[in-house]
Structure formats: C-alpha cells, structure tokens
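Engineer: Residue 70 in numbering that gives the first Met the number 0 is what sits at position 71 of the sequence shown, and the numbering runs on without skipping anything. Backbone N, C-alpha and C fix where the C-beta goes; we use that ideal spot for every residue, glycine too. Sending over a structure as structure tokens; questions will come in a sec.
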Amino acid sequence: MDFAFATEPGPGRPNEDHVIVSGGFAIVLDGVTRPPDLDTGCVHGAVWLVRTLATCLVEALAAEPAATLDLILASAIDRLRGRHAGRCDLTNPNSPSSTVAIVRERGDQVDYLVLCDSSVVFEDGNGITVVQDDRTARLPAYDRHTVARLRNRPGGFWVASTDPSAAAEALTGSVARDNLRRLLLCTDGVSRLVEFFGLDWAEIFVLVERSGPRGVIDAVRRYEETCPGLLTRPGHARGKRHDDATLAVSLVRTRTGIGTPPSR
Ligand SMILES: [Zn+2]
C-alpha cells in the first residue's frame, strides 16, 4: 500500500502527535497533553511517549507478523513499560498516554485498530466505514480527578500508557484489500472537521484527492481561524482552539496513462 501523510502541531507548541508509515502499515498516535502542574510520576513527557510507543509498535509488528493488532499493541505497551527504565512510577494514573490508530496489510486483508479518540476511516464496496472509539466523549465530567479515576477502568475509557490490558479494549477489524478504495487514519485534530465543523468523511476524502493530506490540515486551520465558536458543544469538553493534526492516507491507484511507455 502507498501511504502519504501530513502532521503539524498546534501553533507555538511541540507536536504530541506522531506518525510512522511503511509499505505494509501505518501508525498514527496522539499523545495526551499534560496540564503543567499535574504529577505524572514520569520523568518523560507526551512527545517521548508517542515516539517511543511508535518504535515499540514497529518492533512488535516486525517480531510478531502473524499476531492480531490488539496483541501487537499489548506487546508494544509492555515494551514501553521497560523504556521508562525504572525511573518512573508506572502505577500513577496520570502517566503519559496516547491514542492509537493502526492499519496493517496482511495477505489479502487490511487489519485496523483504534484505541481512544483517533480514527480509522475507509471506503470499500459497502460505502464509508468510520471506526471511532467514543468512550472519551461520554465521560460524566472532564476534570482531572474524574479522568484519572476512569482511565483504563471498566466503564471509563482506554488509552495506551502503562497497562497492556488496555489493548484488549481497542476496536479492531479487517477489510478485504481488493475491495478497499480509500483509507485514512487521523488524530482528533483532523476529525474535528467532522465533529465540530460539519464536514462529512466523503468531503474529506475529496480534499485528500485534490490537495493531499496537507490540504486537509490547511482546511482544519482555516476552520479554526474562522469558526472558533463551533468548538463548543453542550455536555462535552470544549475543543482547544488549535490541536496537533495528523493524518495518513492511502488511495487506490487509478490508471491515468501518464508515465506509460509507448507500446512498440
Ligand atoms: Zn517515564
């Protein structure tokens, strides 16, 4: 599969999203931003977390090519625990964490996994399918105590941090590769085009085809500048004015004739 991607931090801040693509898989991660005065028990931060988790995922994908993606993720979180190198309190419920979106080509199938509020969206012969874990959108409150109490707990929400068992809570599935037309993975800094700004996924695929993944992020920034009032929804945590935005896309190749050598 050919993947293209774009990633951009919110203005003036480090990028806590991360993306890795290869010919056989794509990984998109969104590190959870830590309030400056929050004790995480960890000497590392969100940027370290997403980069190290991505490395652990690549290692697990290479080491266990036949394993299901939830087992790959559990193995990666277990590897990640070791990377704290005994310096951090891995029982702290505010330890750095990340959402996860993965797709992987496996024979004639494409497997996908989503944990927390990143998304996988694909179009096949049945139309567009949106794979989203909406448990973070249904918390009773969003203060730090409630979030810490419900993190990686039944009835709460699940995220990649220090508990490998969170991987079993991910949404997973497979789609036949030959039926796949368009596919994207993104962080919530991109899916806000749908959740807050009123676009639909078909429009976003059109944007990808016209302007590539960078054109989608440009659209996010235009909406954030011109329609900030839409980032408020009753009963939900208010969206940040700007967020890190990342997407990886794969479009089925169409024959254009361009670059085809003349026949003799
Ligand atoms: Zn640490």
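If you draw a straight line from the C-alpha of C41 to the C-alpha of A159, how long is it?
Structural biologist: 15 angstroms
Engineer: Check for me: the beta strand (DSSP E) holding A274 runs from which residue to which?
Structural biologist: The shown model of the chain, from 0 to 263, leaves out residue 274, and the question about it has no answer.
Engineer: If you measure from each residue's Cβ to the nearest non-hydrogen atom of ligand 1, which ones come out under 5 angstroms, in chain order?
Structural biologist: Close to ligand 1, as judged by a C-beta nearer than 5 angstroms to any of its heavy atoms, are the residues C41, H43, H83, C87, in chain order.
Engineer: When every heavy atom of ligand 2 is checked, does at least one fall within less than 6 angstroms of the C-beta of D162?
Structural biologist: Only ligand 1 can be found as ligands here, which leaves ligand 2 out of the picture.
Engineer: Applying the criterion that 16 or more other CB atoms from any shown protein chain within 10 Å of the CB defines a buried residue, is C185 buried or exposed?
Structural biologist: buried
Engineer: In terms of residues, what are the limits of the beta strand (DSSP E) holding T171?
Structural biologist: 170-175
Engineer: What did DSSP end up calling V49 once you bin it into helix, strand or coil?
Structural biologist: helix
Engineer: Under 8 angstroms, with one C-beta from each stretch per pair, do the stretch 201-216 and the stretch 57-76 reach the 3-pair mark?
Structural biologist: By the Cβ criterion, the stretch 201-216 is not in contact with the stretch 57-76, since fewer than three pairs of Cβ atoms, one from each stretch, lie closer than 8 angstroms.
Engineer: Return the first residue and the last residue of the alpha helix (DSSP H) that L149 is part of.
Structural biologist: 143-149
Engineer: Our contact map puts D199 next to V207 with C-beta atoms below 8 angstroms; I'd like the distance itself, whole angstroms only.
Structural biologist: Not a contact, Cβ separation roughly 13 angstroms.
Engineer: Strictly by DSSP, which residues pair up with C185?
Structural biologist: Bridge partners of C185 according to DSSP: S118, L246.
Engineer: Just to confirm the assignment, what range does the beta strand (DSSP E) spanning T225 have?
Structural biologist: No beta strand (DSSP E) contains T225, which is instead part of the alpha helix (DSSP H) from 200-225.
Engineer: Should S94 be labelled buried (16 or more other beta-carbon atoms within 10 Å of its own) or exposed?
Structural biologist: buried
Engineer: With a threshold of 16 other CB atoms inside 10 Å of the CB of H144, please say whether the residue is buried or exposed.
Structural biologist: exposed
Engineer: Between the beta-carbon of V189 and the beta-carbon of A244, is there less than 7 angstroms?
Structural biologist: In contact: V189 and A244 (Cβ atoms closer than 7 angstroms).
Engineer: Quick one: what does DSSP say E324 is sitting in, helix, strand or coil?
Structural biologist: The structure shown does not extend to residue 324, since the chain is modelled only from 0 through 263, so no value can be given for it.
Engineer: I'd like to know whether the C-beta atoms of R181 and E104 end up nearer to each other than 7 angstroms.
Structural biologist: no
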